[in-house]
Ligand SMILES: NC(=O)c1ccc[n+]([C@@H]2O[C@H](COP(=O)([O-])OP(=O)(O)OC[C@H]3O[C@@H](n4cnc5c(N)ncnc54)[C@H](OP(=O)(O)O)[C@@H]3O)[C@@H](O)[C@H]2O)c1
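In the working numbering, the protein residues as written are 5 to 340.
(1) Here's the rule: buried if 16 or more other CB atoms are within 10 angstroms of the residue's CB, otherwise exposed. What is residue 33?
(2) Can you grab the Cα-Cα spacing for the pair residue 224 / residue 328, in whole Å?
(3) Between residue 245 and ligand 1, is the CB less than 6 Å from at least one heavy atom?
(4) Cβ of residue 341 within 7 Å of Cβ of residue 229?
(5) In whole angstroms, what is the alpha-carbon distance linking residue 106 and residue 157?
(6) Apart from the five residues on each side of it in sequence, which residues of its chain come closer than 6 Å, Cβ to Cβ, to residue 184?
(7) Quick check on residue 331: buried or exposed, where buried means 16 or more other Cβ atoms within 10 Å of its Cβ?
(8) Quick one, are the C-beta atoms of residue 337 and residue 310 less than 7 Å apart?
(9) Helix, strand or coil for residue 176 per DSSP?
(10) Quick one: residues in its chain with C-beta nearer than 7 Å to the C-beta of residue 227, no 5 flanking neighbours on either side, listed in chain order?
(11) Does the distance between the C-beta of residue 336 and the nearest non-hydrogen atom of ligand 1 fall short of 6 Å?
(12) Count the other C-beta atoms from every protein chain shown that fall within 10 angstroms of the C-beta of residue 307, then say buried if there are 16 or more, exposed otherwise.
(13) Is any non-hydrogen atom of ligand 1 found closer than 6 Å to the C-beta of residue 46, if you look at the structure I gave you?
(14) With distances taken Cα to Cα, identify the nearest neighbour of residue 75 among 69, 278, 141, 122.
(15) In the DSSP assignment, find the beta strand (DSSP E) that holds residue 155 and state where it starts and stops.
(16) Let me know if residue 79 comes out buried or exposed under the rule of 16 or more other beta-carbons within 10 Å of its beta-carbon.
(17) Measure the alpha-carbon distance for residue 326 versus residue 174 and round it to whole angstroms.
(18) Counting only beta-carbon atoms, is residue 161 nearer than 7 Å to chain B?
(19) Going by C-alpha to C-alpha distance, which of 285, 77, 217, 270 sits closest to residue 127?
(20) Report the residue from 204, 261, 90, 323 whose alpha carbon sits nearest the alpha carbon of residue 240.
(21) Just the Cα atoms here: how many angstroms apart are residue 272 and residue 246?
(22) Go through its chain and collect everything with a Cβ distance to residue 275's Cβ below 7 Å, but skip five positions before and after it.
(23) Quick one: give me the first and last residue of the beta strand (DSSP E) that residue 192 is part of.
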């Protein structure tokens, strides 16, 4: 079978297709014929050696993929041949709290990755995908959608709450869709007027251009009559957190998810104390969360926002496209 590997060194140019032995299922495992994968910002960082420079090379990257079960090992009962499935991000986080051990079972960070024609995964590490979604759409779910679900729904958002989202990438657009399902009012930032218009068409109440309005936290306060938002889904990191702290209401919550602007910078903790802000780190989510989310996706026939699907031979172009920041929502790769 064909699979991508990062071989002798990190970097997009070192990602290449190799011939590998097609896996056979061990006890409790299913072999999945991968039909599509999706890209996450983490995959870009992994490939460039910025996520964990100590990963042992060569390895197959990417955490998110969907496909069809083609064979099962002894003792498998959760899935059968022909089932349409996706892998869960942390293979061992099925329910309950995350632990360090469960965290280490994440796909595509040095161990098993999904950028291959076939993968063998534990039956426990698979979920059935919603029937109305294409493989490309379903491949967007394991990381970005589950993270958004965790950040928006599992933290207790209520109808009428106000939510602030940063940028129009994968996590933010799923957060927009889930926040609207929950009856929340959504504010969103972007560097692009055209993307803001598209976000409003998806249900956002108002958009702010974060380049034109660098103190967008204050603008959000004005837009909410001085009150601030109940929840910020923080994907920016050190460069955006001060504005997010400004934008959130007293007693509000910030779900801390990403570091798009980096990790270096000074944060003044005083407003977090004085505004009694709940600042919570979110790291994707469990299989239980994934399955709850899928029920909502089916019920509302929710359609993930796929910007573009590249072909299997164009993975390097897909990563460069993500790097350019031109995308709106998710970038996928179809696996023939
Ligand atoms: N903790 C977790 O479990 C978890 C899970 C998934 C992702 N993440 C992290 O969350 C972040 C987002 O991931 P993603 O996959 O959604 O990325 P993505 O799809 O690549 O989205 C990137 C988008 O973020 C926006 N952006 C960039 N710089 C910004 C800034 N200074 N202020 C506001 N928005 C900015 C841009 O939107 P515009 O083009 O509209 O300006 C850009 O298109 C990454 O850091 C990723 O590693 C964490």
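Glycine included, each C-beta is placed from N, C-alpha and C at the ideal position.
All values reported here derive from a predicted model rather than from experimental measurement.
In short, the structure shows the following:
(1) Walking along the chain shown from the start, residue 33 turns up at place 29. Buried is the call here.
(2) Here the question's residue 224 lines up with position 220 in the chain shown. Here the question's residue 328 lines up with position 324 in the chain shown. Cα to Cα, the separation comes out at about 27 Å.
(3) Here the question's residue 245 lines up with position 241 in the chain shown. Checking every heavy atom of ligand 1 against the Cβ of residue 245, none is found closer than 6 Å.
(4) With the chain covering only 5 through 340, there is no way to say anything about residue 341.
(5) Here residue 106 refers to the residue found at position 102 when the chain shown is read from its first residue. Here residue 157 refers to the residue found at position 153 when the chain shown is read from its first residue. So the alpha carbons of these two residues sit roughly 22 Å apart.
(6) Here the question's residue 184 lines up with position 180 in the chain shown. Counting only Cβ-Cβ distances below 6 Å, and skipping sequence neighbours, we find 207.
(7) By one-based count along the chain shown, residue 331 stands at place 327. Residue 331 is buried by the Cβ-count criterion.
(8) Taking the chain shown and counting its residues from 1, the one referred to as residue 337 is at position 333. Taking the chain shown and counting its residues from 1, the one referred to as residue 310 is at position 306. Not in contact: residue 337 and residue 310 (Cβ atoms no closer than 7 Å).
(9) As a working note, residue 176 is residue 172 in the chain shown. It is helical.
(10) Counting from 1 along the chain shown, the entry for residue 227 is found at position 223. Correct list, in chain order: 191, 210.
(11) Taking the chain shown and counting its residues from 1, one reaches residue 336 at position 332. No, the beta carbon of residue 336 sits no closer than 6 Å to any heavy atom of ligand 1.
(12) Within the chain shown, the letter at position 303 stands for residue 307. Exposed, because fewer than 16 other Cβ atoms sit within 10 Å of the Cβ of residue 307.
(13) Locating residue 46 in the chain shown gives position 42, counting from the first residue. Checking every heavy atom of ligand 1 against the Cβ of residue 46, one is found closer than 6 Å.
(14) What you label residue 75 is simply residue 71 of the chain shown in a count that begins at 1. Comparing Cα positions, the closest option is 122.
(15) Along the chain shown, one-based indexing puts residue 155 at 151. It is not in any beta strand (DSSP E) - residue 155 instead sits in the alpha helix (DSSP H) that spans 150-156.
(16) Sequence index remark: in the chain shown, residue 79 carries index 75 (1-based). So residue 79 ends up on the exposed side.
(17) On the chain shown, residue 326 is found 322 positions in, with the first residue counted as 1. On the chain shown, residue 174 is found 170 positions in, with the first residue counted as 1. Roughly 11 Å between the two C-alpha positions.
(18) Structure shown: chain B not included; a single protein chain is present.
(19) Indexing the chain shown from 1 puts residue 127 at position 123. Checked all of 285, 77, 217, 270; the closest Cα to residue 127 is 77.
(20) Position 236 of the chain shown, counted from the start, is the residue given in the question as residue 240. Ranking 204, 261, 90, 323 by Cα distance to residue 240 puts 261 first.
(21) Translated into positions along the chain shown, residue 272 becomes position 268. Translated into positions along the chain shown, residue 246 becomes position 242. C-alpha separation (whole angstroms): 8 Å.
(22) Locating residue 275 in the chain shown gives position 271, where the first residue counts as 1. Counting only Cβ-Cβ distances below 7 Å, and skipping sequence neighbours, we find 249.
(23) Against the chain shown, residue 192 aligns to sequence position 188. Unbroken beta strand (DSSP E) run through residue 192: 189-194.
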